[in-house]
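Numbering (the working numbering), first residue to last: 2 to 683.
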C-alpha cells in the first residue's frame, strides 16, 4: 500500500469528520459534547465499514449518524433515508432486528426502483447499514484527482485483463458505474475487488448457466484486523427481476445470517451482468447450497422468459429501454447550470435523434413522447432562426431540476417504494406549473416531455408560470377495497412533493389518474409537512424533523418557509397560527396545489375538455368560412353571420382592454351552439 495513498485517505477522512461535526452542531443543534462523542465513537474504521465513507457525502453521513444516535429507539425497527440526489436509499436497521430475511424484505420493498447496486453490512455496534443505489443516467462528475485515479484504475484493469487473456475486459471497464469507480479508487484492500470481478465477469459471459464460487477467505483490513469468512459469489447474465430475492430466500431457508452482502449490476448494451457476493461466519452446513441457488436462478429466468411474449416483443422492449436511457442521459446533461460545452454536445446528440425520429423511412417509429415534442420544437426553432444559436438552445432546452422520490406505498399489508417524479423545465416566466399523473406506465422521459411542453403552453397562453410535470408509477386498482392505504400512499407522495414545491416555486395540479380526490389526499400530506416546518421554526421542536424519507434541519425549514411560501418565519404570530390553527394552516397550504376538492374555484373540472371543444369549434368554423368544410345542411345567412361573429373573436380581440367577448353574452351562446351543432352533426 503506497504511502501517498495512506496520506490521501487519512486526509480525506479527517476532512469528512470535520464537515460532519459542523453539520451536527450547526444544522442539527447538537451540543459540543454530544457532537464529539458521536465523532469519536462512529467516525472510525472500527465502527463503520470502509466503503461507507466513499459512498456517502458528509451531509448524508451526518444525517445517518443523527438517525442512529437520536431517532432509533427499541420500538423502532428501522429508519430509512434518501440521498439528496435521490439515487441512494439507506436503511439503518436497529440492534436486535437484524434477522435472516430482513435484507430480503428491504430488497422486495424496492423492487420497483430498478436496483443498480447495494451494500449491506452489520457494524460493530450492531446497527446494520443497507444502501441501495437505483439505476440512473446521471452523468458522472469527478474532481481532477478522482478523474486521474479512475483513469489509472481503468488502465491497470486493462493491463491486468490483457495479461490473463480476459477477452471481455473492455466490456467490463465500459460497464463500471461512477459509484463503483469511486469506491475502488479509495479502497486499500489487495487484491482489488475490481480485479476479482473482472475475472468472474469473463467466466459469467462465457457460461450458459449461472456461475457460483464458494470459498473461505481471510482479509486484513486497513487497521490490521484479520477477518475470516465464508464467501459465496454468484454471477448471471441478464438477471431476472426476481434474481436477488430468489438468492436471499435460499440463504434465509438455511438460516444463514449474512454479515456483509453486496450486489453490482454491470450494465452494457451487449447485455447486463449481475454479481452477487456475500460473506458469513464459517461453520454453516453448505452441502447442496450451490445446486439450490443455481436451480432457483434458472427457474426464475425461465419464468420471466415465458411471461415475455415473443422474442420480437422482447427485442422491441430492449430497444425501447436503450432509447429511454439514452434520452435520460442527454436530458441530465442539458440543464443550463451544467458544463456549457458538455450541454452543447448533448444538444447535438439530441438533434441527431430528432432527425432520425422526424425522417420518414429512417427507421422504426420511436414512440418517444419526448423526441416528438423536441422534434417539433426544433422545427419551430429553425423557423425562428435560432436553431444554430447554441446559447439560446441551451437555455430553452435545459431543465431547472429533476426531482425523484421513493414514495412509500402500503397495499394489502405489503409495503413498497414506488418511483415518483417532479421535473421542472423552466421558471423564467414565474413559478413552475404542471399536473401530476398517477399511472403504472409513468416514466422519467414522459414526465420530462410533458414538463417541456408546459413551458410553451404557459408562455403561449400568456400565463406567468413556467413549466413542470410530475408523476407517480402507481396502479390505483391495487388499492380497490383499501381506501385508507390509497390515502396513506398519496399523502406520502404529497410529503415528498412538498419539499420541492410551493406557491413561490412550483404549483402542481391534477392530470391523468389524478382528480380532486387524489389531490385532496396529497393536500393532507402537504399540511402535515408544513406544520412540521412551523413547529421547528417556532422553537417547539429542536434540531430536525423527517418529512417523508428525508431529514430536514431547522435552517432548511426556515429557508423553505421563506422561499417556497413567502412566510416570515421570524413573525411569532404567523408561525404560531400555523402550529395551533388547522384552518389557517389549510389556507396557507391551499396555494401549493390546484384542483383540490375544497378551498378553490369550481371551474377546474371541465377545463381541459372545454378547451379542446372550443379549439375544435373554432377550427371547424374557420374551415367552413374558407370553403373547406361541408356541414350536414346549408347554413342560413343569419347562421353564417353568427358564425362569422364567433370566429372573429381572436386572441387580439380578447386581449383588448375592457373588451367584452361574444361568448360572454348569454343571448348569443345558444345561437352559436345551434350553428356549431349543424357543422358537426352527421
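Backbone N, C-alpha and C fix where the C-beta goes; we use that ideal spot for every residue, glycine too.
With fewer than 16 other beta carbons inside 10 angstroms of its own, residue 613 counts as exposed. Under DSSP, residue 256 takes part in no beta bridge, so it has no partner. The beta carbon of residue 229 lies closer than 8 angstroms to those of 217, 218, 219, 283 in the same chain, with the five residues before and after it left out.
Check the Cα spacing between residue 120 and each of 113, 126, 105: the tightest is with 105. Spanning the alpha carbons of residue 240 and residue 325 requires a straight line of approximately 20 angstroms. Residue range 638 to 648 is occupied by the alpha helix (DSSP H) that includes residue 638.
Between the beta-carbon of residue 598 and that of residue 521 there is about 4 angstroms, and that keeps the pair under the 8 angstroms contact cut. Leaving aside the five residues that flank residue 375 on each side, the residues in its chain whose CB is nearer than 6 angstroms to its CB run, in chain order, 355.
Excluding five sequence positions before and after residue 261, the CB atoms of its chain that fall closer than 6 angstroms to its own CB belong to 122, 280, given in chain order.
Note that the C-beta distance between residue 527 and residue 577 is not below 8 angstroms.
In the three-state reduction of the DSSP assignment, residue 120 falls in the strand class, which pools E and B.
Here residue 285 carries a coil assignment [DSSP, helix/strand/coil]. For a cut-off of 8 angstroms, the C-beta gap from residue 466 to residue 431 is around 5 angstroms, short enough to register as a contact. Rounded to the nearest whole angstrom, the CA to CA distance from residue 392 to residue 179 is 29 angstroms. Counting the other CB atoms within 10 Å of its CB gives residue 65 a total of 16 or more, which places it among the buried residues. Just so you know, the alpha carbons of residue 278 and residue 237 end up roughly 12 angstroms apart. Counting only unbroken stretches of 4 or more residues, the alpha helix (DSSP H) elements lying wholly within the region 500 to 581 are 517 to 539, 555 to 566, 573 to 581, in sequence order. If only complete runs of 4 or more residues are kept, the region 81 to 152 shows the alpha helix (DSSP H) at 103 to 110, in order along the chain. With fewer than 16 other Cβ atoms from the protein chains shown falling within 10 Å of its own Cβ, residue 540 counts as exposed. In the DSSP assignment, residue 65 falls within the alpha helix (DSSP H) that extends over 59 to 67. Within the same chain, and ignoring the five residues on either side of residue 382 in sequence, the residues whose Cβ sits closer than 6 angstroms to its Cβ are 388. Taking the Cα of residue 414 as reference, the smallest distance to any Cα among 140, 480, 142, 132 is reached at 480.
If you keep only unbroken beta strand (DSSP E) runs of at least 3 residues inside the region 422 to 497, you get 433 to 439, 467 to 473.
Secondary structure of residue 228 (DSSP, three-state): strand. If you ignore the 5 residues before and after residue 593, its C-beta comes within less than 7 angstroms of the C-beta of 502, 503, 504, 508, 527, all in its own chain and listed in chain order. Beta-carbon to beta-carbon, residue 537 and residue 555 are separated by about 5 angstroms, close enough to satisfy the 8 angstroms threshold.
Under the three-pair Cβ rule at 8 angstroms, the region 613 to 629 does not count as touching the region 551 to 566.
Taking residue 128 as reference, the option from 96, 263, 13, 36 with the minimal CA-CA separation is 96. In this chain, the beta strand (DSSP E) harbouring residue 265 covers 261 to 267. Residue 397 carries a helical assignment under DSSP once its states are collapsed to helix, strand and coil. Spatial neighbours of residue 490 in its own chain (CB-CB distance under 6 angstroms, excluding positions within 5 residues in sequence) are listed in chain order as 410.
Just measuring C-alpha positions, the residue of 624, 126, 133 sitting nearest residue 89 is 133. Of the candidates 457, 154, 62, 148, 62 places its Cα closest to the Cα of residue 20. As computed with DSSP, residue 411 is found in a beta bridge with 416. For the options 463, 639, 492, 533, the alpha carbon positioned closest to that of residue 653 is the one of 463. Straight through space, the alpha carbons of residue 448 and residue 332 are spaced by roughly 12 angstroms.
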